[in-house]
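The sequence shown maps to residues 1 to 196 in the UniProt record's numbering.
We treat Cβ as the ideally placed atom computed from N, Cα and C, and that holds for glycine.
Read the structure below first, then the notes.
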Amino acid sequence: MKAALEQASIEQLFTAARTHNGWLDKSLTKEQLDELYRLTSLGPTSANCSPARFVFVTSAEGKARLAPTLSKGNLEKTMTAPLTVIVAYDRKFYDQLPTLFPHGDAKSWFTSSEALAQETAMRNSSMQAAYLIFAARAMGLDTGPMSGFDVEALNSEFFAGTDWSANLIINIGYGDDSKLYGRLPRLPAEEACLYV
C-alpha cells in the first residue's frame, strides 16, 4: 500500500496550484522539456494508446505562427509564456498499438470504427494533457491551460498534411503571482457527485 503524499506535495499539485495568466521572464531548458514529456508519458491511457502529440513552442518564430490562431484574450499571456504546448492527438494513433500494446490486436479495435478511434483519441489525449499539467506542477512549474483558439487555423498552420489535430493549448513556465485572479469557486460534492 502506498503512503499518501505529504501536505506540501498536495498543495503544490492541487490546493495551492493556480492557472497562470502572466509569466516571469525565465526560460526553460531542453532537459526540462524532455523530463516534462517523460513524466507525462507515464500516465495511463486505455490500452496504452497514448494518442497525444505535443508541440513545444518556445521560439519567436513558433509564437508568430501560433499568434493568429489565438483568441484575443489568450494572445498576450501566450506570447509571454516561456513555453506553449499544443496538445494534439494523432487520428491514426492505432498504428502504434502493435508496439505500445503487444498483448493483443488492439489496432483492429479502432481501424474498424472511425468514430471509436476519434472518441478514444480525444478522451485519452485530454487525459494526457492533464498529466502534462501535473508533471509540470511536480517539476515546480506553473501552467495555464486554454481552449480559446481557432482549431482549423491552428491545424492548418502546424499540422497540414498530417494525421494530427489540436485538442488544447497549455502555457507553461514560472508564473507571475501578481497577475493571478482570485480563485474561482468549485461545485460542492453534493452537486457534482452521485454516490450509488
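### Neighbour-count burial assignment, I86, 16 or more Cβ in a 10 Å radius
On the sequence shown, position 86 is the one that residue 86 refers to. Under the 10 Å beta carbon count, I86 is surrounded by 16 or more other beta carbons and is classified as buried.
### Message
If contact is defined by three or more beta carbon pairs under 8 Å, each pair taking one atom from either stretch, is the stretch 174–188 in contact with the stretch 148–160?
### Response
Output reads no: the stretch 174–188 does not touch the stretch 148–160.
#### Entry: N- and C-terminal bounds of the alpha helix (DSSP H) containing residue 210
For residue 210 there is no data in the structure shown, the boundaries of the chain being 1 and 196.
#### Entry: N-terminal and C-terminal residue of the alpha helix (DSSP H) that T111 is part of
Counting from 1 along the sequence shown, the entry for residue 111 is found at position 111. Element bounds for T111: K107 to T111.
### Task
Put D90 into one of helix, strand or coil per three-state DSSP.
Position 90 of the sequence shown, counting from 1, holds the residue named residue 90. Assignment of D90 by DSSP, reduced to helix, strand and coil, places it in the strand class.
### Message
Taking the beta strand (DSSP E) that P145 belongs to, which residues open and close that run?
### Response
Taking the first residue of the sequence shown as position 1, residue 145 is located at position 145. First-last of the beta strand (DSSP E) with P145: D142 to M146.
### Message
Applying the 10 Å Cβ sphere with the 16-neighbour rule, what's the burial state of D143?
### Response
Walking along the sequence shown from the start, residue 143 turns up at place 143. It is Thr, not Asp, that sits at residue 143 in the sequence shown. When all chains shown are included, T143 counts as buried.
### Query
Counting only beta-carbon atoms, is W164 nearer than 8 Å to chain D?
The question asks about chain D, but that chain is absent: this structure has only one protein chain.
### Message
Please report the distance separating the alpha-carbon of L70 from that of L194.
### Response
In the sequence shown, counting from the first residue as 1, residue 70 sits at position 70. In the sequence shown, counting from the first residue as 1, residue 194 sits at position 194. Taking the straight line joining both Cα atoms gives about 37 Å.
### Query
If you draw a straight line from the alpha carbon of W23 to that of A81, how long is it in whole angstroms?
In the sequence shown, the residue the question calls residue 23 occupies position 23. In the sequence shown, the residue the question calls residue 81 occupies position 81. Near 6 Å, if we compare the C-alpha coordinates of A81 and W23.
### Task
Please name the residue, chosen from E152, R91 and L83, that lies closest to R123 on a Cα-to-Cα basis.
Here residue 123 refers to the residue found at position 123 when the sequence shown is read from its first residue. For R123, the nearest C-alpha among the options comes from R91.
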